[in-house]
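Novice: Heads up: the protein sequence lines correspond to chains A and C, in order. For what it's worth, numbering that gives the first Met the number 0 labels the leading residue of the first sequence as 0, then goes sequentially. For what it's worth, numbering that gives the first Met the number 0 labels the leading residue of the second sequence as 0, then goes sequentially. Positions of the beta carbon are idealized from the N, C-alpha and C atoms, including for glycine. Attaching a single structure in structure tokens format; questions to follow.
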Amino acid sequence: MRVLIIDDDEQMRILLRQIMEWRGYDVSEAENGKVGVRIQRDTPAELIVTDLIMPEQEGLETIRTIKNEFPGVKIVAISGGGRIGPDAYLPAARELGADRVFSKPFDIGELVEAVEELFAVSNKS
Amino acid sequence: MDRMMVDALKKDIVRLQLEKDAVENELAHRSCYFAAINFPVIFLDLDLMVVDLNGAGEEAFGEPGRVIGLPCWELLQWPTDYCIGCPLEPDYCGESEKGFEDIDYSSNSKIYRITCSPVMEQGELTGYVMSALDITQQKQLEQQLVQARRTEAIATRIGGVAHDFNNILGVILGNADFVLYRMGIDVNFQGDIGGPGLHFSEVREHFLAIKEAAIKAKDLVGQIVAISRQGKGVMQQQDIKPIIKEAVKLLRSSLPSTISIIFNEAPGVGQIYSDSNQIYQVMMSLGANAAQAMEEEGGKLVISLREENVRIETVKNGRSIVPGRYVLISIADTGHGMSKTMMKRKFDTFYTTSDVGRGKNMDLSVVDGIVAAHGGVVEVTSELEKGSTFNVYFPRCNIESDLAENLFSPTRGSETILFVDDEEDLVMARKRMLESLGYKVYLAHSGKGALALFEKYNKEIDIIITDYTIPDMTGLQLAARMQKICNNIQIILYSGCSNIITLENAHRAGIKRLLKKPLNINMLSLAVRDVLGGAE
């Protein structure tokens with residue numbers, strides 16, 4: 000099972016990769032939404048963990064594009080908040096099809112549980 | 000006298016009486032209109048002495064007995080003849096109405112917009128009508144708007160920092176938690192710990208990641224402190240590249256992805272004397288304005304930062320830009336552009352180019368105000384359906400960086416300097432230092448002394464360096480009077496308290512450089528060369 004991690008912060012990408020590999024998933028990484036969409040088209044993942052505020056192409060746009068092309072993919076959106084407030088973009092992310100949303104800093108345990116639940120749902124369907 | 004002559008005389012008397020009545024009526028009407036005007040209107044003779052004033056004029060400037068016969072500049076409490084910006088200066092041809100603004104009538108702290116019109120009688124100029132519209136409240140509102148926008152910009156910047164901070168906390172907590180989970184220490188995680196065991200090298204890696212993130216957090220704290228300090232509107236000499244980059248980063252994350260943002264920066268861009276929150280505000284306003292122009296079809300936003308040499312005095316956006324070196328921020332979009340009407344009114348305070356309720360263009364007047372207060376100019380070019388470019392010019396003052404390069408080699412010259420300061424020790428020390436660099440130096444210890452010397456030697460003197468606080472008058476007033484004697488004289492003003500002099504006032508008084516005390520010889524010699532041009 001493959002997880003695609005999209006985040007412009009390299010350290011966050013490394014951490015998310017370590018967590019996902021620890022749980023036994025294959026991992027691909029992208030530093031922005033544009034690259035993320037390209038990688039998803041080349042090597043589709045079943046689950047995507049994406050940041051929301053990034054250069055080039057931000058997360059909301061990325062979620063919309065990916066959900067259009069890959070309706071079955073599960074998406075976890077994580078945001079550090081924007082200038083309007085810490086969780087301002089998360090409801091929009093949910094609206095566009097993110098299955099779970101987290102605001103930074105988030106609890107690793109909750110993230111892992113969410114990812115595993117989503118994979119379980121995905122495997123059942 | 001025969002009867003016919005008597006009748007004719009009687010008729011003449013009646014006619015003259017009627018004419019007199021008509022003139023008196025006319026005068027009564029005029030004085031009625033004159034009195035009814037609710038802002039000050041003042042008649043001046045050809046020597047600019049007050050001849051008459053209306054009721055509003057009396058209320059603003061004093062009883063006729065006190066003000067009639069006074070020159071208008073005394074009425075406006077300006078220390079020299081012809082206020083800065085006066086339309087009636089000797090080159091005024093008396094053909095049309097001219098106006099100027101911002102005369103601070105200090106005795107009642109009002110700001111008037113002064114306009115003057117010539118009075119012509121049988122084709123000859125006989126005097127002037129001066130009107131003084133009280134725009135104090137408007138200026139206060141504009142100030143409040145600027146303040147509100149400044150607060151908004153600070154909030155935006157803090158929001159940006161908070162976002163970065165949460166990212167860093169995410170990395171710190173995430174790494175710490177991850178190690179704890181894998182060590183089986185976590186209490187919240189209900190799942191199977193499973194997976195391979197934790198190696199020492201992995202623990203080291205996580206701790207290094209935590210440390211690196213914590214160092215970044217420390218820098219961010221510094222940034223927050225800087226933002227809050229600048230919230231008070233501190234002007235300082237600084238490199239604006241980090242502020243521009245910060246704004247570009249936020250624009251990238253807040254504008255729709257249909258707008259691509261390109262940032263070009265030239266190497267070695269100098270410093271400007273500025274309030275960084277206001278520069279940030281200018282960037283965000285112009286960025287938002289550009290985005291609005293492209294919101295329907297997307298497009299390209301090109302932001303560039305470079306320096307530009309202005310060689311001849313040019314007028315941009317109704318303001319003249321004096322020759323010199325400028326830091327130029329250019330913001331170009333490929334949006335719908337502006338029509339001629341929109342171009343004309345773009346900086347009006349409450350004009351908007353968008354639908355009501357969506358307008359952000361009110362910000363453009365704030366942008367214009369901020370840039371002007373920084374001694375800069377905004378130049379706008381626009382073409383319908385092609386896009387608009389906003390070029391923002393700020394006077395460069397790279398003395399600090401030049402100073403670093405030239406720390407031990409003050410630049411030399413051979414011109415003549417008039418140095419004005421009342422602190423004897425300081426003046427003598429500066430004189431010796433400047434003479435050691437090849438300059439000829441005249442000294443004055445007061446405003447009057449400086450004027451007397453300048454009247455005598457103005458053909459010889461190339462540059463004046465003056466303190467703001469000198470006996471008889473302020474350095475600004477001295478500069479204005481020197482300009483009267485010789486309009487292309489170069490002036491450097493220094494002051495211990497930069498708050499009292501705005502760059503706009505300094506530029507209006509013809510001052511080319513503002514320096515802060517304490518003066519240092521490197522800074523001074525570089526400023527002299529910068530103003531006079533070319534090192535010797």
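If we define contact as Cβ-Cβ less than 9 Å, is residue 102(A) a contact residue for chain C?
Specialist: yes
Novice: Measure the C-alpha to C-alpha separation of residue 209(C) and residue 202(C) and round it to an integer number of angstroms.
Specialist: Taking the straight line from one Cα to the other gives about 11 Å.
Novice: Identify which residue in 461(C), 488(C), 450(C) and 462(C) has its Cα closest to the Cα of residue 472(C).
Specialist: 450(C)
Novice: Would you call residue 13(A) buried or exposed, if buried means 16 or more other Cβ atoms sit within 10 Å of its Cβ?
Specialist: buried
Novice: Counting only beta-carbon separations shorter than 9 Å, does residue 98(A) have a partner in chain C?
Specialist: no
Novice: If we define contact as Cβ-Cβ less than 9 Å, is residue 371(C) a contact residue for chain A?
Specialist: no
Novice: Please check if any C-beta of chain C sits within less than 9 Å of the C-beta of residue 4(A).
Specialist: no
Novice: Distance cutoff 9 Å, beta carbons only. Does residue 60(A) sit that close to anything in chain C?
Specialist: yes
Novice: When the distance is taken between beta carbons, is residue 527(C) closer than 9 Å to residue 412(C)?
Specialist: yes
Novice: Mark residue 136(C) as exposed unless 16 or more other C-beta atoms lie within 10 angstroms of its C-beta, in which case mark it buried.
Specialist: exposed
Novice: Could you check where the beta strand (DSSP E) with residue 445(C) kicks off and where it finishes?
Specialist: Counting along the chain, residue 445(C) sits inside no beta strand (DSSP E), nor does DSSP assign it H or E at all.
Novice: Please confirm if residue 65(A) has its CB atom under 9 Å from at least one CB of chain C.
Specialist: no
Novice: How big is the Cα-Cα spacing for residue 24(A) and residue 113(A)?
Specialist: 14 Å
Novice: Under 7 Å Cβ to Cβ from residue 68(C), same chain only, skipping five residues before and after it: list those, please.
Specialist: 48 and 49
Novice: So is residue 203(C) in contact with chain A if we call contact Cβ pairs under 9 Å?
Specialist: It does not; no Cβ of chain A falls within 9 Å.
Novice: Could you check what DSSP says for residue 455(C) in three-state terms: helix, strand or coil?
Specialist: Assigned with DSSP and collapsed to three states, residue 455(C) falls in helix.
Novice: Please classify residue 41(A): is it buried, with 16 or more other beta-carbons within 10 angstroms of its beta-carbon, or exposed?
Specialist: exposed
Novice: Within this structure, are the beta carbons of residue 93(A) and residue 46(A) separated by less than 9 Å?
Specialist: no
Novice: Among the residues of its own chain, which have a CB less than 7 Å from the CB of residue 32(A), if the five just before and after it don't count?
Specialist: 5, 53, 55, 56, 57, 58, 60 and 61
Novice: By Cβ distance, which residues of its chain are closer than 6 Å to residue 432(C), with the 5 residues on each side in sequence left out?
Specialist: 520
Novice: Would residue 322(C) and residue 311(C) qualify as a contact pair, given that the criterion is a beta-carbon distance under 9 Å?
Specialist: yes
Novice: Let me know if residue 245(C) comes out buried or exposed under the rule of 16 or more other beta-carbons within 10 Å of its beta-carbon.
Specialist: buried
Novice: For residue 176(C), which residues in chain A fall below 8 Å Cβ to Cβ?
Specialist: Scanning chain A for C-beta atoms nearer than 8 Å to the C-beta of residue 176(C) yields 106, 107 and 108, reported in chain order.
Novice: When you check each C-beta in the region 11 to 33 of chain A against every C-beta of chain C, which residues fall closer than 9 Å?
Specialist: 11, 13, 14, 15, 17, 18, 20, 21, 22, 23, 32 and 33
Novice: Bridge partners for residue 70(C) per DSSP, in chain order?
Specialist: 48(C)
Novice: So, under 8 Å CB-CB, residue 386(C) and residue 336(C) are touching, yes? Tell me the CB distance rounded to an integer number of Å.
Specialist: 6 Å
Novice: Keeping to the same chain, check which residues put their C-beta closer than 6 Å to that of residue 303(C); ignore five residues upstream and five downstream.
Specialist: 263 and 329
Novice: Between the Cα of residue 79(A) and the Cα atoms of 147(C), 27(C), 253(C) and 165(C), which residue gives the shortest distance?
Specialist: 165(C)
Novice: Quick one: using the 10 Å Cβ neighbour count with 16 as the cut-off for buried, is residue 183(C) buried or exposed?
Specialist: So residue 183(C) ends up on the exposed side.
Novice: With H, G and I counted as helix, E and B as strand and the rest as coil, what does DSSP make of residue 143(C)?
Specialist: helix
Novice: Residue 392(C) by DSSP, collapsed to three states: which one?
Specialist: strand
Novice: Note down the Cα distance separating residue 260(C) from residue 249(C), rounded to an integer number of angstroms.
Specialist: 11 Å
Novice: Pop quiz: residue 157(C) and residue 134(C) are said to be a contact at Cβ under 8 Å. What is the actual Cβ separation, rounded to whole angstroms?
Specialist: Residue 157(C) to residue 134(C), Cβ: 34 Å. No contact.
Novice: Assign residue 307(C) to one of three DSSP states: helix, strand, or coil.
Specialist: Residue state, collapsed to three classes: strand.
Novice: Which residues mark the beginning and the end of the beta strand (DSSP E) in which residue 90(A) is found?
Specialist: Residue 90(A) -> not in any beta strand (DSSP E); alpha helix (DSSP H) instead, spanning 89 to 94.
Novice: Who are residue 512(C)'s beta bridge partners in DSSP?
Specialist: Answer by DSSP bridge pairing, in chain order: 491(C).
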